[in-house]
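Residues 1 to 1048 in UniProt numbering are what the sequence shown spells out, letter by letter.
Have a look at the structure below, then the notes.
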Amino acid sequence: METIDSAPFAEVVDFKESKPYGTKQYTVKVDCWRNRFSERGNDPYKTLPGDLFILANAKPETVSELQLAGRSWSFVSVTHLVSNISQIQKKDENGDEETSLCFKIESSKEFEVDDSTSLFIVFLLNLIPSRRIYKALYMQGNLTIIKEVLCSDSVAQENPSYEKNNDIMEKGLDENLLSGLNEAQTGAVLACLGMRHCGAKSSVELIWGPPGTGKTKTIATLLFTLLKKNCRTLICAPTNVAITEVASRLLKMVTEAESNAMFCSVGKILLLGNKERLKLKVGSDIEEIYLGHRIEKIIECIGPQTGWRHCFASMINLLEDCVCDYNIYLGNELTELTEGEEQNSAREVNDERRSGPGVSEGKCKTFLEYFRNRFLSTALPLRYCISIFCTHMTKSCIPEHIFKDMVSLILLVDSFGMLLFEGNVISEALEGRFSCSEVEGVSELYVADSIPLVMKRKECLVALRTLQYSLSKLQLPDFRNGTDLMDLCFLGASLVFCTASSSFKLHRQEMEPFTFVVIDEAAQLKECESTIPLQLPGVKHVILVGDERQLPAMVKSNVSQEAGFARSLFERLSTMGHPKHLLNMQYRMHPSISFFPNSSFYNNLILDAPNVTKKSHEKHYLPGPIYGPYSFINVNDGREEKDEDGHSRKNMVEVAIVLKVLRNLYKEWLNSKQKLNVGVVSPYAAQVVAIQENLGQKYDNLDGFKVKINTVDGFQGGEDDIIIMSTVRSNSHQSLQFISNIQRVNVALTRARHCLWILGNEKTLCSSDSVWKDLVLDAKSRECFFNADQDKDLAKAIVDVKKELDQLDDLLNADSILFKNARWKVLFSDNFLKSFKKLTSASLKKSVLNLLLKLSTGWRPRKRNVETGCSSSSLILKKFKVKSLYIVCTTDIAKDIVCTTDTAKDMRYIQILKVWDILLLEDIPKLEYRLETILNRYTDDFISLCKEKYLEGDLEVPQSWPLSLEFSRFKDPTVTETKRDFVGDTSDGRSYVENSQVSESLLLMKFYSLSSGLVNHLLSDSGVENWISRLKLQTKKGRLYFIIEVLL
């Protein structure tokens, strides 16, 4: 209810009471859904049965608005969707299917409206998962696991002991399977298989699978072994994505194991769920195990038009009566040929039927051509029908000898087909051999050539009739009875896959009980929800696979969160000391990527596998050290903003950087064409939406270059070659609690295989003692810390987006991309920043920035712009004209780190430029008077140091002195530097702006001389008019060290 303003909503266009009247049931039709993407990390909203809405006569923005006078509202829930044949495929302009726009609801109270009343419907949540949890908590189900294992007084006890010896190895895992597992994975699988030898005792095993440690592979190996042992097992997960991932991996193992078989039998594996939510692609391998697809295939196999009876009868008829059918065909064809012509006598037609003009001229098919065509069209459905039997049926439904007979039949039919299409087959001889009468006048050679076909035909007929009889004796269900067909699917299934919530349906399904329950991503499943599968009849053993150090289940309610509603059974058992099998070798991440998560979240328990330590695993997709395997890219110039509803955050500078990096990756991919998957993640949904909107569909449907954009929460369980993470935050005054969640950070940092590039504001992330501070310091210590403006393309992207968003004032600080590497350190007063923001002309703002950039390089005008009225400080107080305004500056001295060479760094006193304000000429005297008050407090020694000037050509270079130089700033020794009003300042400015405290900032300064060509450009009128400043800082030898291009 707290997020009602950002929830999906729609306007009601039709509202009618439904039968039976008086039951508070209504049929509703809405125009289109808005705010469809409001759910973090989820797909666009679409109406589903069980959805809970608020129905109101006005769109509520807050809960309190529902109580306003004249407001009428009620809770309503969707009972089912309404559709008809014409609506099924129809979509509106927003992509909403008609079935999502029309539905029946049940209201909490009667709701009367007239034609003039506007109605709105607002989505809150889907009630079905909560209803299932509630019913599971109060049902009288199988409590064996809960009582014997999960009760607090028994959890701490050790699991029943069993021997992990060679006997288990022989009965459980074969050597081929075992060879693909490491020691920890093997131990986990053997421990789980050993549960079968616990007798009547129930047991629980925990497999702890940190990111990239082969958790899915371990589960698939375990399930494959249980499948071979025909052990009834239910496999659950909290999400459809997780369940399809495990099912796909298992299916791949089954397919590889049966690669030499004619048909891959998957009838023992069953996948349940909503096809749309499972995102099953038509024709995909995993579709073969989906319950709905299986029922469709079985209907095809036993139906009257396409079923096995029809296929067998067609093939038998072809092999037995092919000559008779050919004569009928020939008669029909000859009748058509002679239409309109004089009829020949029946005797003439009969004599010429084989050598007459129709056949001889090629107007009618020969017997061989006719038979070959009929054989192909008949054999294909037969083979398809048998493949359905062999793929989707199991030995519990069909005896094994029938499966063998089916395979033998296909081999016979294939063999017959090969003989039929050999080049030496003579049509007349074949027709004679296949006719019922004795063959007369046919060459003995022709007869000899057709004997193998005749023999193979006989074998096929015998196999067809035998199998036809065997199948007729089976009690297969009526193809029209959906319940019986579903029962048939469950009867043959040993492994059943579904979400934990969907397993609620299995409580009503008649089937053999499960022995095992395996829950993947168990740390993401709420403890109360896990009771749904655990109470299924017969369940004795539970295997929980997960990692409590990744994200838990999402709970929106703060009250529920504080009550521990999000806690998983996996976490509770871990907390209580239940032993876990740690998978301790990661196969995904480059060691530079895994280093920090391993040390920060897993106490260095995880080893890097040999495949990630090889040189071949280190990829360089873009040139430059900033794009190595692991980088923290410092973005100082971003501005953190809240989205329209105020619930999420975005940073358009980081959006621009992400887009620029993706463009560069795409350009490199065009040259290399090596397959590349890029993931872009952010903790904030608003940032994800901003990136998606700016990117559009530019990289969709490219073969070999894929870009996925999602929240961190939505990316759990995924991985890509490159991960670009946008942290968004750029405000040191607000809490970082959300992005500092250890589990969320862990997920974000462990998705990349080869490269992880993190975008963030160093100062913001280090402002609190969170994991982000540790991460930034770690990146610096490993020399993986870079500033965004070190990359020419990123620097330009930052300035471009600042210009586009009219956020140039964000660049007015000493740490910004424009000034941080300037010759002169430039500090800006709070008053100057306020005055700059008040400038309404974009052109004037660009002119001011251009002049400040020139001043920071050491350029000074040849003539004084205006005479100063400050006598004692005339050489340190300067004014520079920009159109009708004047920038007022002073020269000051501060401590700073100075780079005198490429490697030597030294803390020294250095001259800096302070920018006080930008004013009209008539307002300058007032400021001068105030500044004179400040400057008169300075000692003569200090003023003299400020006045010193050193020129390199036409450029003024800031002087510096060692810290051993003794001088006093203030005449009065009791005056201290306590208040500051300059961004990045370390000196006094308290008399000008009160109560303006900012953090001290010491910048790394670089001294390089400007080329004469660049100076001429900066001083030219065209440079000002075009607002293009190209700063190229070079050594005297001319070697380029730093380039920044600013397009204003």
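Think of the CB as a built atom: it goes at the ideal place given N, C-alpha and C, for glycine as much as any other residue.
Pull up the distance between the alpha-carbon of residue 959 and that of residue 876, whole angstroms please. The residue given as residue 959 occupies position 959 in the sequence shown. The residue given as residue 876 occupies position 876 in the sequence shown. Taking the straight line from one Cα to the other gives about 13 Å.
Going by CA-CA distance only, name the one from 183, 118, 293, 506 that's closest to residue 607. Along the sequence shown, read from residue 1 onward, the residue named residue 607 stands at position 607. Ranking the options by Cα distance to residue 607, first place goes to 183.
Counting only runs that start and end within the region 554-603, where is the alpha helix (DSSP H) found for 4 or more residues in a row? 558-562, 569-575, 591-601
I need the DSSP call for residue 728, collapsed to helix, strand or coil. As a working note, residue 728 is residue 728 in the sequence shown. Reduced to three states, the DSSP call for residue 728 is coil.
Who are residue 229's beta bridge partners in DSSP? Position 229 of the sequence shown, counting from 1, holds the residue named residue 229. Answer is none; residue 229 lacks a bridge partner.
When DSSP builds the beta bridges, which residues end up paired with residue 961? Reading the sequence shown from its first residue, position 961 is the one you call residue 961. DSSP lists 909 as partners of residue 961.
Could you please give the first and the last residue of the uninterrupted beta strand (DSSP E) stretch that includes residue 499? Within the sequence shown, the letter at position 499 stands for residue 499. Element bounds for residue 499: 495-499.
Looking at C-alpha atoms only, which residue of 854, 848, 906 is the closest neighbour of residue 884? Your numbering for residue 884 matches position 884 in the sequence shown. Selected option, being the one with the closest Cα: 848.
Within 10 angstroms of the Cβ of residue 972, are there 16 or more other Cβ atoms? Answer buried if so, exposed if not. For the purposes of this step, residue 972 is identified with residue 972 of the sequence shown, where counting begins at 1. Exposed, by the Cβ-count rule.
What are the partner residues of residue 204, as DSSP defines its beta bridges? The residue labelled residue 204 in the question sits at position 204 within the sequence shown. In DSSP, residue 204 forms a bridge with 542.
Straight-line Cα distance separating residue 15 from residue 75: Position 75 of the sequence shown holds residue 75. Position 15 of the sequence shown holds residue 15. The alpha-carbon atoms of residue 75 and residue 15 are separated by roughly 15 Å.
Return helix, strand or coil for residue 514, following the three-state DSSP convention. Taking the sequence shown and counting its residues from 1, one reaches residue 514 at position 514. Residue state, collapsed to three classes: coil.
Could you give the DSSP three-state label for residue 212: helix, strand or coil? Taking the first residue of the sequence shown as position 1, residue 212 is located at position 212. Three-state DSSP puts residue 212 in coil, outside helix and strand.
Applying the 10 Å Cβ sphere with the 16-neighbour rule, what's the burial state of residue 613? Counting from one through the sequence shown, the residue named residue 613 turns up at place 613. By the beta-carbon neighbour count (other beta carbons within 10 angstroms, threshold 16), residue 613 is exposed.
C-alpha gap between residue 434 and residue 465, whole angstroms: Counted from its first residue, the sequence shown places residue 434 at position 434. Counted from its first residue, the sequence shown places residue 465 at position 465. Cα to Cα, residue 434 sits roughly 18 Å from residue 465.
Is the region 510-521 touching the region 542-549 in the sense that three or more CB pairs, one from each, lie closer than 8 Å? They touch, by the three-pair rule.
Are the region 235-251 and the region 573-589 in contact at 8 Å, needing three or more beta carbon pairs? no
Which residue or residues does DSSP assign as beta-bridge partners of residue 526? For the purposes of this step, residue 526 is taken as the residue at position 526 of the sequence shown. Residue 526 pairs with 568.
Residues in its own chain within less than 8 Å of residue 127 by CB, not counting five upstream and five downstream? Translated into the one-based positions of the sequence shown, residue 127 becomes position 127. The answer, listed in chain order, is 50, 51, 52, 77.
Using alpha carbons as the reference points, say which of 534, 212, 525 lies closest to residue 142. Within the sequence shown, the letter at position 142 stands for residue 142. With distances taken between Cα atoms, residue 142 lies closest to 534.
Sufficient close CB pairs (3 or more, under 8 Å) joining the region 388-407 to the region 247-260: Contact between the region 388-407 and the region 247-260 is absent, because fewer than three Cβ pairs lie under 8 Å.
On the three-pair Cβ rule with 8 Å, is the region 191-198 touching the region 588-597? no
Thinking residue 227 and residue 495 are a contact (beta carbons under 8 Å), I'd like their distance in whole angstroms, please. As a first step, residue 227 is located in the sequence shown; it is residue number 227 there, counting from the start. As a first step, residue 495 is located in the sequence shown; it is residue number 495 there, counting from the start. Yes, residue 227 and residue 495 are in contact; Cβ-Cβ is about 6 Å, under 8 Å.
Might you give, ordered along the chain, the residues of its own chain that have their beta carbon closer than 6 Å to the beta carbon of residue 455, omitting 5 neighbours on each side? As a working note, residue 455 is residue 455 in the sequence shown. So the list is empty, once near-sequence residues are dropped.
Between 698, 664, 655, which has its C-alpha nearest residue 682's C-alpha? Looking up residue 682 in the sequence shown gives position 682. Taking only the C-alpha atoms, the option nearest residue 682 is 655.
Quick one: Cα of residue 1046 to Cα of residue 911, how far? Indexing the sequence shown from 1 puts residue 1046 at position 1046. Indexing the sequence shown from 1 puts residue 911 at position 911. With a pLDDT of 38 at residue 1046, under the threshold of 50, the predicted position of this residue should be treated as unreliable, and no value is reported.
Can you say whether residue 997 is buried or exposed, counting buried as having 16 or more other CB atoms within 10 angstroms of its CB? Here the question's residue 997 lines up with position 997 in the sequence shown. With a pLDDT of 30 at residue 997, under the threshold of 50, the modelled position of that residue is not reliable, and the figure given next carries that caveat. So residue 997 ends up on the exposed side.
Buried/exposed call for residue 11, threshold 16 Cβ in 10 Å: Position 11 of the sequence shown, counted from the start, is the residue given in the question as residue 11. Exposed, by the Cβ-count rule.
First and last residue of the alpha helix (DSSP H) that includes residue 387? The residue labelled residue 387 in the question sits at position 387 within the sequence shown. For residue 387, the uninterrupted alpha helix (DSSP H) segment begins and ends at 367-392.
Reduced DSSP category for residue 814 - H, G, I as helix; E, B as strand; rest coil: As a position in the sequence shown, residue 814 is number 814, starting the count at 1. Three-state result, residue 814: coil.
In three-state terms, what does DSSP make of residue 7? Counted from its first residue, the sequence shown places residue 7 at position 7. Coil at residue 7, not helix or strand.
Assuming residue 251 contacts residue 289 (C-beta within less than 8 Å), just tell me the rounded distance between them. Taking the first residue of the sequence shown as 1, we reach residue 251 at position 251. Taking the first residue of the sequence shown as 1, we reach residue 289 at position 289. Right, the Cβ-Cβ distance comes to about 7 Å (below 8 Å), so this counts as a contact.
Can you give me the C-alpha to C-alpha distance between residue 675 and residue 616, rounded to a whole angstrom? Here residue 675 refers to the residue found at position 675 of the sequence shown. Here residue 616 refers to the residue found at position 616 of the sequence shown. Rounded to whole angstroms, residue 675 to residue 616 spans 15 Å at the Cα level.
Proximal residues to residue 941 (C-beta, below 6 Å), its chain only, five neighbours per side dropped: The residue labelled residue 941 in the question sits at position 941 within the sequence shown. So the qualifying residues of the chain are 967.
Buried or exposed (CB count within 10 angstroms, at least 16 for buried), residue 268: The count along the sequence shown starts at 1 and reaches residue 268 at position 268. Residue 268 is buried by the Cβ-count criterion.
For the beta strand (DSSP E) containing residue 276, name the first residue and the last one. To locate residue 276, count along the sequence shown from 1; it is residue 276. That residue, residue 276, is in no beta strand (DSSP E); its alpha helix (DSSP H) goes 275-278.
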